[in-house]
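Inspection log for the structure reproduced underneath, given as structure tokens.
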Amino acid sequence: MRPYILPMLAAVLLALVPLVVEDSYTRHLFIVAFVYAIIASNWDLSLGYAGLFNFGHLGFFATGVYTAAIAAKTLAITPWLAMPLGGVTAALAALLIAAPVARLRGIYVVLVTFAFAQLMLQLILSQSHITGGAGGMVGIPGLEIGEYRFIRDRKLGYYHVSLGLLVLSTIHLLFLTKSSFGRSLLALRDNEDYARARGVSIARQRVMALVLSAVFPGVAGGFFAIYLRVAAPEVLGFGTLSLALSMVLIGGSASIFGPILAAIALTFATEAMAGIRGMEEARFVVVAIGMVLVLRFAPGGMIRIMDGGGKR
Amino acid sequence: MIETVISTLLSGIVLGALYALMASGLSMIWTTLGVFNFTHGALMMIGAFMAWTVSEAIGLGIYAGLVAGIGATALLGVIIEYMVIRPFHGRANMILITVMTTLAVMIILEKSAQMIWGPRLKQLPRLIEGDVSIFGAVISAHEALIVVLAPVILIALWVFATRTMVGRSLRAVGQNQDAAALLGINVPLTFAIAFGLGAALAGLTGVLLGGIRFVTPNLGVEPIIKAMTVVIFGGLGSLGATVGAAFVIGFAEAFLILVVGLYWTPFALFIGLILVLIFRPNGLFGRA
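Here the protein sequences come in this chain order: A and B. The opening position of the first sequence corresponds to residue 877 in the numbering used here, with each subsequent residue numbered one higher. The opening position of the second sequence corresponds to residue 6 in the numbering used here, with each subsequent residue numbered one higher.
See the structure below:
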């Protein structure tokens, strides 16, 4: 239990943040940061722990975004149900993509998963009568209980929903990585032949790693659509991809907490840069350069520097 | 009916030639360096923008622009190799790391282009004006040039790789670096040459593409996806497999547009791709 005291303390502190932070813009940044933290830490399960060269994780997030948007707006399903529905369809998408990925190796996994995310983008753009095309969908119903709209009290409700999702997602990831399933993933990554000799099925573990790491990004996507009340194809752009990837790498892959910390830090940093004139595009360049520098000089990511030493 | 068939075949040839050009540089860098170069599409875009700057902004004409585009991307390729490929050379997870670093450089190039040239659409002049009519179906002379140029360039690349000293050393390094080094081949130099050459091919493709499509910072996005599809389809083994796959995809796409329409074509191609990979994990023409 001891290693989790710090994260639990952090979660409690984050829950108390709205008492101090009153302005709705800063709270908005926290909400966005929590969503990115869910994407990055779950991506870390397949990329870092399973060593699967998966570059399609934003495809799962986008699946959640558009599932919730279509469910809540077009089908008039309550947003409370539309959000988890995003997790279900994201898991299904992961299952679909896992079929070829389970048999492929190395670079082919990168190519197929990358192509999957791009295909999602093309599908969204071309099926504009359902998805709104390049303009996206607007006016998606927000969360409410009775008469209380969650946007009120300066987004207090949304803040706690997103934090709650992040906590749930983190527990899910910790549980998975500490279980025998998590250990079998590490074994496959570090010594495939040995793991297989011990009876670990590479195909089954890969499918499970992909599906289990897609659920929470899908729910987070659903939340994102409901919270912003907008679903836009930009979630699949290279800008978002590089930002999420840099969170995994700069934070430290195969560490869960590293990507979460990096997500919060980078969301605030890039948002601060966006406020400076002429930096709107340059901030992505800064993040990309940071990513290369970390890969070059601190391959374990920031969390391992803080731990002192590059050991796993 | 017959006209539809001819024009579909013709557009298949044009697409196939374009895709072969897009994918050949990518495939070459993969076979020599074992690096999947995500900057390939962005280099096409830079090539087109450099050509535009020299040809239109400075006014030296499209042929000077062509030279500038190819030269700039070749130089950029050598720089990229030096900065983000070489430091990771020999690491166990080099494939994954270089995917990430080239992805990062792709973002840097795209965003820089947006800051330098702005988001406004630009157009490159065609290398040849006018149209060509073949059996009643009409394509532009520029497209016809691409169809003629693609095999010439690919054959030149093949001759270079099999008949010249430098080309042979590229292949030797691709097959066994240690043995190549023992034979006295300068491996780092070979890496730089391979990357520069691949980048130059991207630049040339970009200039050709600029005569058909608008030049924007996103010009390279669709080509890199297409080139990826081609190399997955053909298997990343050899130039021949890549070219074969490029034409298979080109014809498939032209045919699919006719049958399922423009919107569903990428989806149908992707499903085909998944099926190929399930049954032949090393690509259509790949060997295990």
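For every residue, glycine included, the Cβ atom is placed at its ideal position computed from N, Cα and C.
In the DSSP output, which residue or residues are listed as bridge partners for Y880(A)? None, per the DSSP bridge assignment.
Which of helix, strand or coil does DSSP assign to A1130(A)? Look at A1130(A) here: in three-state DSSP terms it is coil, with no helix or strand label.
From the beta carbon of G982(A), is the nearest beta carbon of chain B less than 8 Å away? Residue-level contact check: G982(A) touches chain B, since one or more beta carbons of chain B fall below 8 Å from its beta carbon.
I'd like to know whether the C-beta atoms of D920(A) and P1175(A) end up nearer to each other than 8 Å. Between D920(A) and P1175(A), the C-beta gap is not smaller than 8 Å, which leaves the two residues out of contact.
So, for L997(A): in the same chain, excluding its five sequence neighbours on each side, which residues have a beta-carbon less than 7 Å away from its beta-carbon? So the qualifying residues of the chain are P1109, L1112.
Contact list for F238(B) against chain A, beta-carbon separation under 9 Å: Within 9 Å Cβ-Cβ: nothing; F238(B) doesn't reach chain A, min ~10 Å.
Hey, is I1(B)'s beta-carbon within less than 8 Å of any beta-carbon in chain A? In the structure displayed, chain B extends from 6 to 293; residue 1(B) sits before or after that span and is not available.
Is the region 12–31 of chain B close to the region 53–61 of chain B, with three or more CB pairs under 8 Å? Taking a contact to require three or more Cβ pairs closer than 8 Å, the region 12–31 of chain B and the region 53–61 of chain B do not qualify as touching.
Considering Cα atoms alone, identify which of L38(B), S16(B), V226(B) is closest to V137(B). When only C-alpha atoms are compared, the closest one is S16(B).
With a threshold of 7 Å on Cβ separation, who are the neighbours of G1185(A) within its own chain once the five nearest residues in sequence on each side are excluded? Interpretation of G1185(A) is limited by its pLDDT of 45, a score under 50 that renders its predicted location unreliable; the figure taken from the coordinates is listed afterwards. The answer is none, since no qualifying residue turns up.
So the alpha helix (DSSP H) I102(B) belongs to, where does it begin and stop? Element bounds for I102(B): 99–122.
Per DSSP, which one or two residues make a beta bridge with V988(A)? Paired residue(s): none; V988(A) is not in a bridge.
How many angstroms separate the CA atom of E8(B) from the CA atom of P156(B)? If you take the alpha carbons of E8(B) and P156(B), they lie about 25 Å apart.
Residue from S29(B), W57(B), A246(B) whose Cα sits closest to the Cα of H45(B): Checking every option, the nearest Cα to that of H45(B) belongs to S29(B).
Return the residues of the region 1146–1163 of chain A that lie within a Cβ-Cβ distance of less than 7 Å from chain B, sorted by chain order. Per Cβ criterion, the list reads E1157, A1158, F1160, V1161.
Mapping DSSP to helix, strand and coil, what is A1107(A)? Strand, per DSSP.
Using a C-beta cutoff of 8 Å, does R979(A) count as contacting chain B? Closer than 8 Å to some Cβ of chain B, the Cβ of R979(A) qualifies, so yes.
Neighbourhood of G74(B) by C-beta, 6 Å cutoff - its chain only, sequence neighbours within 5 removed: G52, M55, A56, G208, V212.
Give me the chain A residues within the contact set of Q119(B), using Cβ-Cβ distance strictly less than 8 Å, ordered along the chain. Chain A residues near Q119(B): E1157.
Could you tell me which whole alpha helix (DSSP H) segments of length 4 or greater appear in the region 202–274 of chain B? Every alpha helix (DSSP H) of 4 residues or more that sits fully in the region 202–274 of chain B is shown, in chain order, as 226–239, 244–265.
CB contact check: G1185(A) to chain B, cutoff 8 Å: Since pLDDT at G1185(A) reaches only 45, below the 50 mark, its modelled position is unreliable, and no value is offered.
Rounded straight-line distance, which links the Cα of R1159(A) to that of K116(B): One C-alpha to the other measures close to 9 Å.
Below 8 Å on the Cβ atoms is my guess for V226(B) versus Q128(B); work out the distance and round it to an integer in Å. Contact between V226(B) and Q128(B) is absent: CB atoms are separated by about 18 Å, not below the 8 Å threshold.
For the alpha helix (DSSP H) that D183(B) lies in, which residues bound it at each end? For D183(B), the enclosing alpha helix (DSSP H) begins and ends at 182–187.
Please state whether the Cβ-Cβ distance between M33(B) and G189(B) is less than 8 Å. Contact: no.
Residues sharing a beta bridge with V137(B), DSSP: Partner(s): I144(B).
By the three-class DSSP mapping on this structure, what secondary structure does R1082(A) have? Of the three classes helix, strand and coil, the one that applies to R1082(A) here is helix, per DSSP.
Could you check where the alpha helix (DSSP H) with G1033(A) kicks off and where it finishes? Taken as a continuous stretch (DSSP letters only), the alpha helix (DSSP H) holding G1033(A) covers 1028–1054.
Answer yes or no: does any C-beta atom of chain A fall closer than 8 Å to that of V89(B)? Taking Cβ atoms only, chain A reaches closer than 8 Å to V89(B), which makes this a yes.
Within 10 angstroms of its Cβ, does G123(B) collect 16 or more other Cβ (buried), or is it exposed? By the 10 Å Cβ count, G123(B) comes out exposed.
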